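Residue numbers (our numbering): 190 to 437.
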């Protein structure tokens, strides 16, 4: 695999999977890894990942669960092209398909009610002020510049079949907005898990599973701690992030 200037290949610690990244553009963080572990895909299910970036979530989910077909949608062609090369690097071109397009108006491959699973690690920040380069790759990934939370939820509801599952990760300070939007688009929250860096700190992330047309009832799962009292990864966080590697 020929790399472009500034690119590198990183090990994903699952089934030998690797990914191409460019630190000057955007590298995946622990939130994408947590979402890929929280989400579930059964054999034969079709999965759509909205705002796939360099394809980290489809690649990790395929390594964890298999699944029939994964479709990643990314608006930035440079990131989408990098994702396609990562898919080819792992020999997954038959089951992971990367498209360039807008979440608000996706390509025809993202037809209504054709997916059993939708995932999204959306931009967290809804304030665009103060950005030095509002259309830079990192700004687009982190801020609601090209799509807002309502646009993500609306598209997830459109793509899912009745009974299909929507998985996303976000910041707890947007939880009220998120719950209201999910209900508005008939996506019923069914499972939620807060993520804390350590026991003495407040939650920094929230993972949510919502079901298209589901009945009201949400299960609160135990808080996921990333670091233990010794400052090292907890055993669960280590397993999620490093998978097959043995924890020291």
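Built from N, CA and C at the ideal position, the CB exists for glycine as well. Given the structure is predicted, the values throughout are model-derived calculations rather than measurements.
How many Å lie between residue i and residue j at the Cα?
i	j	result
residue 193	residue 209	10 Å
residue 334	residue 399	Residue confidence is low: residue 334 scores 46 on pLDDT, short of 50, so the model does not pin down where it sits. No coordinate-derived value is stated.
residue 146	residue 255	The first residue shown for the chain is 190 and the last is 437, placing residue 146 beyond what the model contains.
residue 270	residue 206	18 Å
residue 470	residue 403	Limits of the chain in this structure are 190 at one end and 437 at the other, which puts residue 470 out of reach.
residue 281	residue 253	14 Å
residue 428	residue 407	26 Å
residue 273	residue 219	21 Å
residue 367	residue 301	22 Å
residue 202	residue 283	21 Å
residue 276	residue 294	24 Å
residue 346	residue 419	42 Å
Residue j and residue i - do their beta-carbons sit closer together than 8 Å?
i	j	result
residue 228	residue 356	yes
residue 217	residue 242	yes
residue 381	residue 371	no
residue 223	residue 358	yes
residue 264	residue 244	no
residue 348	residue 303	yes
residue 233	residue 213	no
residue 260	residue 230	no
What residue does the beta strand (DSSP E) around residue i start on, and which one ends it?
i	result
residue 392	392 to 401
residue 235	235 to 239
residue 292	No beta strand (DSSP E) contains residue 292, which DSSP labels as neither H nor E.
For residue i, does the count of other Cβ atoms within 10 angstroms reach 16, so buried, or fall short, so exposed?
i	result
residue 225	buried
residue 296	exposed
residue 351	exposed
residue 353	buried
residue 362	exposed
residue 200	exposed
Taking the continuous alpha helix (DSSP H) assigned at residue i, which residues delimit it?
i	result
residue 215	Counting along the chain, residue 215 falls outside any alpha helix (DSSP H), and DSSP gives it neither H nor E.
residue 273	266 to 278
residue 430	424 to 431
Q) Which residue spans inside the stretch 330 to 364 form an unbroken beta strand (DSSP E) run of at least 3? A) Complete beta strand (DSSP E) runs here, min 3: 349 to 359.
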